[in-house]
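Read the structure below first, then the notes.
Residue numbers (the working numbering), protein chains in the order written: chain A, 1 to 235; chain B, 1001 to 1376.
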């Protein structure tokens, strides 16, 4: 598969369950190493970088994990402050200001002394975004941001992602199969398919929904059960 | 693109100060920018502050935070503030900063540090509650064991065999090695003293009696607590975190019967067997010292060993190890069921399972020492 993500856009990697969306994301952010092929970030072939160069490159990338992956033994404030204390020489006073600002940006002002276990699913996701954006990354990756959230909370999160993208200009790569999220916030999408083992559609989802010639794409956008999937079912 | 944020300050006679900024205003430069706030207001005492940002190439939220802080300081000192030169595109970042959030107090203030008496009181309450939990869990476990004894077909024998392998077969190499070395050390250290009295042969008696009656059961129990008690707590704890325990309950299973009974039965069977092996390996360790260092024959060493230990010693050691096994497996399961929250809680449960098991092993051994003194 071959695709590009442009600066400042919200790019969605979509597809059915098991098509490899999250695996693709893990390869892009460097958690897994590709067996073949190349990944270029800001014009750099990641395969040519040594460990320390790769680490430096990844410091410019933020990641929101599906489960938020907040550290349970730390408060929300400490979670957001962690990358700042580790990777900058800022005094604690400035770090505290930035933490408050970041929590305010994700509408969690005042929750700095709460522990992740004390927050709802949507709040955890927002705290995860605040931590991911602590070092002002040029790119933010979000793995299934709406997973496990009710429709209202999910829509609120979509709005927040859109607001952050417009305000900061951060490039956002989102893995999701939530159609609401895709239509609400994405500028461009690629659609992966398990059987095709690659990309079957690329472009504006609003256009693809109505004008794609590929039935797999239109079926997905219109929530139609394909014949092949239906064959195995008994009535 | 310039690497630093450049600034220049111009003053006019009417107290108007113009701050011109250019270059990059980002997280890396935030530490350099913040001292500028006090410099401007303390050194120049402006009546009006005009900030010109026409030369700014890049601004992120940290840069925006600096501007917001500058404006807040101006407001606090009743200084007129004006911002100019920032493109509409770059102004977007300023709208993301929630001014109220910067000053909003924490909704959950940190708990105050308890004084010594409060800490003692807290620890006492926790200890009593913990003991209550263990006793009530023990009662429930005994009831479930009784239930399983009368419904043998409902016991998950496949799981019992799996845990017997994990606790017994997989634990044998480390139990054997430690016991062997223990026997070797005991024999060597005691031989240094006994040799002076020509009592070399009693090294065999010392190793045999010490291992069969005391050290064999205790050492085995401590190793099992570290290996298997902790594993039981971690396994059940992780299942709790993943809601697997709740799933069992909603499907109508008794989580205690489903998860604890196989572990307890496996431990009750394997720990006494491991204890026998521990004593045999320790005697073999002592035998090597006896033969190599004290000129005893293998036959003499074994004969002296057989003479020293009685059936009572063997049975009391095995009964002890049986009780140790019950305590270790019960505590491991109980700590696992107590897990609430996430990974940290699982870690705490694992540590607590090992510490509590070792404490109980010592308490049980002391109780046995008193009881056996009066029986024998």
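The C-beta atom is built at its ideal place from N, Cα and C for all residues, glycine as well.
Predicted model only: the values in this text are computed from it and were never measured.
Proximal chain B residues relative to residue i, where beta-carbon distance stays under 8 Å
{"i": "residue 103 of chain A", "result": "1101"}
{"i": "residue 73 of chain A", "result": "1344"}
{"i": "residue 132 of chain A", "result": "In chain order: nothing, as chain B lies at least about 13 Å away."}
Per-residue contacts from residue i into chain A (C-beta, under 7 Å)
{"i": "residue 1104 of chain B", "result": "109, 110"}
{"i": "residue 1039 of chain B", "result": "None at all; the shortest Cβ gap to chain A is about 16 Å."}
{"i": "residue 1060 of chain B", "result": "136, 168"}
{"i": "residue 1034 of chain B", "result": "94"}
{"i": "residue 1341 of chain B", "result": "72, 117"}
C-alpha gap between residue i and residue j, whole angstroms
{"i": "residue 1306 of chain B", "j": "residue 1197 of chain B", "result": "22 Å"}
{"i": "residue 1013 of chain B", "j": "residue 1048 of chain B", "result": "11 Å"}
{"i": "residue 1107 of chain B", "j": "residue 112 of chain A", "result": "8 Å"}
{"i": "residue 1131 of chain B", "j": "residue 1297 of chain B", "result": "51 Å"}
{"i": "residue 1137 of chain B", "j": "residue 66 of chain A", "result": "36 Å"}
{"i": "residue 1324 of chain B", "j": "residue 1183 of chain B", "result": "21 Å"}
{"i": "residue 13 of chain A", "j": "residue 84 of chain A", "result": "29 Å"}
{"i": "residue 116 of chain A", "j": "residue 79 of chain A", "result": "9 Å"}
{"i": "residue 169 of chain A", "j": "residue 1160 of chain B", "result": "58 Å"}
{"i": "residue 1236 of chain B", "j": "residue 1279 of chain B", "result": "32 Å"}
{"i": "residue 185 of chain A", "j": "residue 1329 of chain B", "result": "53 Å"}
{"i": "residue 1061 of chain B", "j": "residue 1353 of chain B", "result": "47 Å"}
{"i": "residue 1214 of chain B", "j": "residue 1317 of chain B", "result": "7 Å"}
{"i": "residue 1104 of chain B", "j": "residue 1242 of chain B", "result": "35 Å"}
{"i": "residue 1224 of chain B", "j": "residue 1171 of chain B", "result": "7 Å"}
{"i": "residue 135 of chain A", "j": "residue 49 of chain A", "result": "21 Å"}
{"i": "residue 1008 of chain B", "j": "residue 1100 of chain B", "result": "30 Å"}
{"i": "residue 264 of chain A", "j": "residue 154 of chain A", "result": "The requested residue 264 of chain A does not occur in the structure, where chain A is confined to residues 1 to 235."}
{"i": "residue 54 of chain A", "j": "residue 179 of chain A", "result": "33 Å"}
{"i": "residue 1337 of chain B", "j": "residue 16 of chain A", "result": "37 Å"}
{"i": "residue 1055 of chain B", "j": "residue 196 of chain A", "result": "50 Å"}
Simplified DSSP assignment, three categories, for residue i
{"i": "residue 1073 of chain B", "result": "helix"}
{"i": "residue 85 of chain A", "result": "helix"}
{"i": "residue 56 of chain A", "result": "helix"}
{"i": "residue 233 of chain A", "result": "Residue placement at residue 233 of chain A is poorly supported in this model, since its pLDDT is 47, which falls under 50; the coordinates still yield a value, given next. In this structure, residue 233 of chain A counts as coil in the three-state DSSP scheme."}
{"i": "residue 1084 of chain B", "result": "strand"}
{"i": "residue 75 of chain A", "result": "coil"}
{"i": "residue 1339 of chain B", "result": "coil"}
{"i": "residue 164 of chain A", "result": "helix"}
{"i": "residue 221 of chain A", "result": "helix"}
{"i": "residue 62 of chain A", "result": "strand"}
{"i": "residue 1045 of chain B", "result": "coil"}
{"i": "residue 33 of chain A", "result": "coil"}
{"i": "residue 45 of chain A", "result": "strand"}
{"i": "residue 142 of chain A", "result": "strand"}
{"i": "residue 1002 of chain B", "result": "The predicted position of residue 1002 of chain B is uncertain, since its pLDDT is 48 and thus under 50; no value can be drawn from it."}
{"i": "residue 1174 of chain B", "result": "helix"}
For residue i, the first and last residue of its enclosing beta strand (DSSP E)
{"i": "residue 1018 of chain B", "result": "1016-1025"}
{"i": "residue 1055 of chain B", "result": "1048-1059"}
{"i": "residue 1011 of chain B", "result": "1005-1011"}
{"i": "residue 149 of chain A", "result": "Here residue 149 of chain A belongs to no beta strand (DSSP E), and DSSP marks it neither H nor E."}
{"i": "residue 201 of chain A", "result": "198-203"}
{"i": "residue 1364 of chain B", "result": "Not the beta strand (DSSP E): residue 1364 of chain B falls in the alpha helix (DSSP H), residues 1343-1375."}
{"i": "residue 123 of chain A", "result": "Note, residue 123 of chain A: premise wrong, no beta strand (DSSP E); alpha helix (DSSP H) at 121-132."}
{"i": "residue 171 of chain A", "result": "171-175"}
{"i": "residue 188 of chain A", "result": "188-193"}
{"i": "residue 135 of chain A", "result": "Looking at the DSSP string, residue 135 of chain A is not in any beta strand (DSSP E), and its letter there is neither H nor E."}
{"i": "residue 13 of chain A", "result": "10-15"}
Residue interval of the alpha helix (DSSP H) (run including residue i)
{"i": "residue 1 of chain A", "result": "Counting along the chain, residue 1 of chain A falls outside any alpha helix (DSSP H), and DSSP gives it neither H nor E."}
{"i": "residue 104 of chain A", "result": "92-105"}
{"i": "residue 28 of chain A", "result": "21-29"}
{"i": "residue 183 of chain A", "result": "179-185"}
{"i": "residue 1036 of chain B", "result": "1035-1038"}
Closer than 7 Å at the beta carbon, the chain B residues around residue i
{"i": "residue 88 of chain A", "result": "1027"}
{"i": "residue 167 of chain A", "result": "1092, 1093, 1095, 1096"}
Under 8 Å by beta carbon: chain A residues contacting residue i
{"i": "residue 1031 of chain B", "result": "88, 89, 90, 91, 94"}
{"i": "residue 1065 of chain B", "result": "97, 98, 101"}
Quick one: which unbroken beta strand (DSSP E) runs of 3-plus residues sit fully inside the segment 1280-1323 of chain B? Chain order, please. none
Would you mind listing the alpha helix (DSSP H) stretches within the segment 1184-1211 of chain B that are 4+ residues and don't spill past its ends, in chain order? 1202-1209
Contained alpha helix (DSSP H) runs [length at least 4] in the segment 1209-1280 of chain B, N- to C-terminal order: 1216-1224, 1230-1241, 1244-1250
Inside the segment 1077-1163 of chain B only - beta strand (DSSP E) runs reaching at least 3 residues: 1080-1084
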